[in-house]
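Protein sequences appear in the order of chains V and B.
Quick note, my numbering runs 27 ahead of the 1-based positions in the first sequence.
Quick note, my numbering runs 27 ahead of the 1-based positions in the second sequence.
There are 2 protein chains.
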Amino acid sequence: MHAYFRLIRSSSLFGLVIIASLAHAAENSNWTIDSRSLPTPAAASSALSSTLGDLPAPNIATSSQYPASDIEWRAFIDAADAARLVPLELLEQTYKVNIEKGEIGGVSVYEVTPAQISPEHQDRLFFHVHGGAYVLGGGDNAVAEAVQVAAASGIRALSVDYRMPPEFPFPAAIDDTIAVYRETLQSYAPAAIAIGGTSTGGGLSLAAVHRMMQMDLPLPGAIYAGTPWSDLTKTSDSLFTNEGIDRVLVTYDGLLKGAAEIYAASTDMKDPLISPVYGEFTGFPPTILITGTRDLFLSDTARVHRKMRNAGVVADLHVFEGMSHAEYLFVLDSSESSETFSEVARFFNIHLQ
Amino acid sequence: MHAYFRLIRSSSLFGLVIIASLAHAAENSNWTIDSRSLPTPAAASSALSSTLGDLPAPNIATSSQYPASDIEWRAFIDAADAARLVPLELLEQTYKVNIEKGEIGGVSVYEVTPAQISPEHQDRLFFHVHGGAYVLGGGDNAVAEAVQVAAASGIRALSVDYRMPPEFPFPAAIDDTIAVYRETLQSYAPAAIAIGGTSTGGGLSLAAVHRMMQMDLPLPGAIYAGTPWSDLTKTSDSLFTNEGIDRVLVTYDGLLKGAAEIYAASTDMKDPLISPVYGEFTGFPPTILITGTRDLFLSDTARVHRKMRNAGVVADLHVFEGMSHAEYLFVLDSSESSETFSEVARFFNIHLQ
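The following block contains the structure:
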């Protein structure tokens, strides 16, 4: 076979340029990609595209800064969380849900009950794990996505306000998630629970399922992994190709890098409970994955999808044109947002029992 | 709802940078993205990654040239096709298939019979449409992918050597494809036929199904759209974001642009029979779509997937880490290649009748 493989490889699809260049192949290569001009994505929805048209290009240099000490982190987190806080009452009004703050297994949680629960979802639960790079998005911020999914699917939701750095590094977040999940099993059949969230929420959901398997806990019926942070190391190719193109995360070399370091602390970042893409996916529940072509975590998402498919897991991947990281969560009048929550609702309907 | 939407949008996920910059929003914006250094994709297969490591960065300037007249096109096409030709005997030996050249409905075709036909595929056919930007890949080059799929799936294949520019612009390619398809319906149940191919082969397959619907022909049972050229205009966002990053196609502004012009000739490039993404997908057969994170046609693929999902079509999307356009066709010892042909085989097994 080898002669044939070499022949094919060296001739490639539009082979002439590549054949010519093989003769002068570099030893190894960090390719240098020239500066380029990037129009707004013409085939994204007008809502998404106009949002981008209103913004200046992301500034990698500015986005590469992050707090240098626990005190600076705490100040940064408090300011960022305060700036994005949406009052619970406004969420309740907008989405016609009831939100109750509570505690389960010693962990702070938010219980979301939509005014209309779909008949098929009467005995089911969306178990939500919020995002925010393992540092942001705690407290009342935790619940917004749970509300969006609960309203779109007509399903009860529970959001875990897990402990985070700088005070509580790994494994506090996963311990809290598992503690709440175990209590939840008293009230719901595991196959009637969907676990999920976006970004860190997606990654932590996947890590929690790895942990459930280690502990021989019954697994949930479905996973929603919205652009999951599945690899906290700087490995995924889209961290390089989409740097400065993703307008939300912009670069790995700022908040993400700093947050990965204070979250992992002394544990190996390739531990599957921290970077779930390195785990074994055989036996995982059906999973829906969402990302965008401009997403810094496009590769984090696609890599998990491939590992799942190769392990025989039912896994559906959706990639939105021109969408940066997690924009379906906050460009709410876009079709990217409504399609994401419709796909998630459809997936839960098919796979929850 | 609007007050809430505005609040959410302006606070975003890691909102501070964006809030700050909104105050100085540009009128409209072609973002300028700085030059960057791109390592080989560490999480791609070693076979794929080492291929990239051996190559210099794609040169956009070189790749932007294309023939200027029919005579130049003919010379370019003949040289390119000769350079990549694999003798049919070598294909037969390597893949243990028999290849017969023939003619159906007045169109040149290649019939591929694998030594081992899977029991479930005895009465089924893979109807192959080759790639090559509507100019390359004709003659004996047409059949290579048909052979790969036939061998991987254990299914008979038929490859259409459709007429192409510069002598035969649109609609010759689609007319020939339809002519052969109609004849094929004499021997196979439509639900037992999978139509498909890569790049132009994927796009032309989708366009042919649009044409079948216009003509009220019975539709095939499945579609394999490998990184389909679904939009011949310069619209897809990945044409910009992955320019110079895709090492195979490199840029739209060379061969692709020139080929689109001589293929469409006087017809609107947004005609769904030329750019199938602009068509209506309701009623399309189940479709498997393949692309890569570095693929210039990442958006062409993802946009078709979204349109299909919104039309209620069964459509599975697979995105390979660090993969440029169609590399599964010629980095044959890579897991990206074997996984692609396994996914296609699995998909045919599930959806063909």
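Every residue, glycine too, gets a C-beta built ideally from N, C-alpha and C.
Let me make sure I understand the geometry here. Which of B:L65, B:T78, B:G166 and B:A142 has the alpha-carbon closest to that of A109 (chain B)?
Out of B:L65, B:T78, B:G166 and B:A142, B:G166 has the C-alpha closest to the C-alpha of A109 (chain B).
Please check the pair S326 (chain V) and S263 (chain V), which I expect to be a contact at CB under 8 Å, by giving their CB distance rounded to whole angstroms.
Going by Cβ atoms, the distance from S326 (chain V) to S263 (chain V) rounds to 3 Å, so yes, they are a contact pair.
Closer than 7 Å, CB to CB, is V346 (chain B) near chain V or not?
Yes, its Cβ sits closer than 7 Å to a Cβ of chain V.
If you measure between the beta carbons of L65 (chain B) and I60 (chain V), is that distance less than 7 Å?
A contact, by the Cβ cut-off of 7 Å.
Is any beta-carbon of chain B found at less than 7 Å from that of N57 (chain V)?
So, interface residue.
Please work out which residues of its chain come closer than 7 Å, Cβ to Cβ, to P198 (chain B), disregarding the five sequence neighbours upstream and downstream, and give them in chain order.
If we look at P198 (chain B) and ignore the five residues flanking it on each side, its Cβ neighbours are L300.
Using a Cβ-Cβ cutoff of less than 8 Å, which residues in the same chain neighbour K123 (chain V) once the five nearest sequence positions on both sides are dropped?
Closer than 8 Å at Cβ, skipping near neighbours: P141, A142, Q143 and A178.
What's the C-alpha gap between M191 (chain V) and V277 (chain V)?
Each residue's alpha carbon lies about 23 Å from the other.
With distances taken Cα to Cα, identify the nearest neighbour of S241 (chain V) among V:F368, V:T211 and V:I201.
One point to set straight first is that residue 241 (chain V) is Gln, not Ser, in the sequence displayed. It is V:I201 whose Cα lies nearest to the Cα of Q241 (chain V).
Short of 6 Å in beta carbon distance, which residues of its chain neighbour S38 (chain B), apart from the five on each side in sequence? Order them along the chain.
With a pLDDT of 47 at S38 (chain B), under the threshold of 50, the modelled position of that residue is not reliable, and no figure is offered here.
Run down chain B in chain order and give the residues with a C-beta less than 8 Å from the C-beta of T262 (chain V).
Residues of chain B passing the Cβ test: A69 and A70.
Relative to the alpha-carbon of Y208 (chain V), which residue among V:T328, V:E130, V:P313 and V:P114 has its alpha-carbon at the smallest distance?
For Y208 (chain V), the nearest C-alpha among the options comes from V:E130.
I'd like to know whether the C-beta atoms of N269 (chain V) and R321 (chain V) end up nearer to each other than 7 Å.
It is a contact, given that the beta carbons lie within the stated cut-off.
From this set, V:R151, V:P312 and V:T225, which residue's C-alpha is nearest A169 (chain V)'s C-alpha?
Comparing Cα-Cα distances from A169 (chain V) to each of V:R151, V:P312 and V:T225, the minimum goes to V:T225.
Residues of chain B with a CB under 8 Å from the CB of A329 (chain V): which are they?
Simply T320, V346, F347 and E348.
Let me see if you follow: with CB-CB separation under 7 Å, is R63 (chain B) close to chain V or not?
Yes, because at least one Cβ of chain V sits closer than 7 Å to the Cβ of R63 (chain B).
Looking at C-beta atoms only, is the number of pairs between the stretch 304-322 of chain B and the stretch 243-255 of chain B that lie closer than 8 Å three or more?
Flag = yes, the stretch 304-322 of chain B and the stretch 243-255 of chain B touch.
If you measure from the beta carbon of P66 (chain V) to each beta carbon in chain B, is any gap under 7 Å?
Judged by the 7 Å Cβ criterion, P66 (chain V) is in contact with chain B.
With DSSP run on the structure shown, which of helix, strand or coil describes V174 (chain B)?
V174 (chain B) falls in the helix class under three-state DSSP.
Does any residue of chain V bring its CB to less than 7 Å from the CB of S265 (chain B)?
With 7 Å as the cut-off, S265 (chain B) counts as an interface residue toward chain V.
What's the C-alpha gap between G164 (chain B) and G158 (chain B)?
So the two alpha carbons sit approximately 6 Å from each other.
With H, G and I counted as helix, E and B as strand and the rest as coil, what does DSSP make of Y305 (chain B)?
DSSP places Y305 (chain B) in helix when its eight states are reduced to three.
Quick one: what's got a C-beta closer than 8 Å to S76 (chain B)'s C-beta in the same chain, skipping five residues either side?
Result list for S76 (chain B): T67, P68, A69 and G349, in chain order.
By the criterion of Cβ-Cβ separation under 8 Å, what are the contact partners of E370 (chain V) in chain B?
Here the neighbours are R336.
Along chain V, in chain order, which residues have C-beta atoms closer than 9 Å to that of G271 (chain B)?
Going along chain V in sequence order, the residues near G271 (chain B) (Cβ under 9 Å) are W58, I60, D61 and R63.
If we count Cβ pairs, one from each stretch, closer than 8 Å, do we get three or more for the stretch 95-107 of chain B versus the stretch 369-376 of chain B?
The stretch 95-107 of chain B, when compared against the stretch 369-376 of chain B, does not touch it at the 8 Å Cβ threshold.
At least one CB of chain B closer than 7 Å to the CB of T254 (chain V): is that the case?
Cβ-Cβ to chain B under 7 Å: no for T254 (chain V).
Whose Cβ in chain V lies nearer than 7 Å to the Cβ of L325 (chain B)?
Within chain V, the residues near L325 (chain B) are T320.
Please go through the same chain and pick out, in chain order, the residues whose beta-carbon is closer than 6 Å to the beta-carbon of A286 (chain V), but skip the five residues on each side of it.
Result list for A286 (chain V): A160, Y161 and V162, in chain order.
Considering just the uninterrupted stretch of the alpha helix (DSSP H) at L115 (chain B), what are its terminal residues?
L115 to Y122 is the extent of the alpha helix (DSSP H) around L115 (chain B).
Note down, in chain order, each residue of its chain lying with its Cβ closer than 7 Å to the Cβ of R274 (chain V), except the 5 sequence neighbours on either side.
Answer for R274 (chain V): L79, L82, P85 and S351, listed in chain order.
Could you tell me whether any Cβ in chain B is nearer than 7 Å to the Cβ of T227 (chain V)?
No, T227 (chain V) lies away from the interface with chain B (no Cβ there is under 7 Å from its Cβ).
To the nearest angstrom, how far is the alpha carbon of L379 (chain B) from that of W58 (chain B)?
The alpha-carbon atoms of L379 (chain B) and W58 (chain B) are separated by roughly 46 Å.
Any beta carbon of chain V sitting closer than 7 Å to that of T268 (chain B)?
Yes, T268 (chain B) lies at the interface with chain V (some Cβ there is under 7 Å from its Cβ).
Exposed or buried, which one is S293 (chain V) when buried takes at least 16 other CB atoms within 10 Å?
Exposed: under 16 other Cβ atoms inside 10 Å.
Report buried or exposed for T367 (chain B), applying the criterion of at least 16 other Cβ atoms within 10 angstroms of its Cβ.
Under this definition T367 (chain B) is a buried residue.
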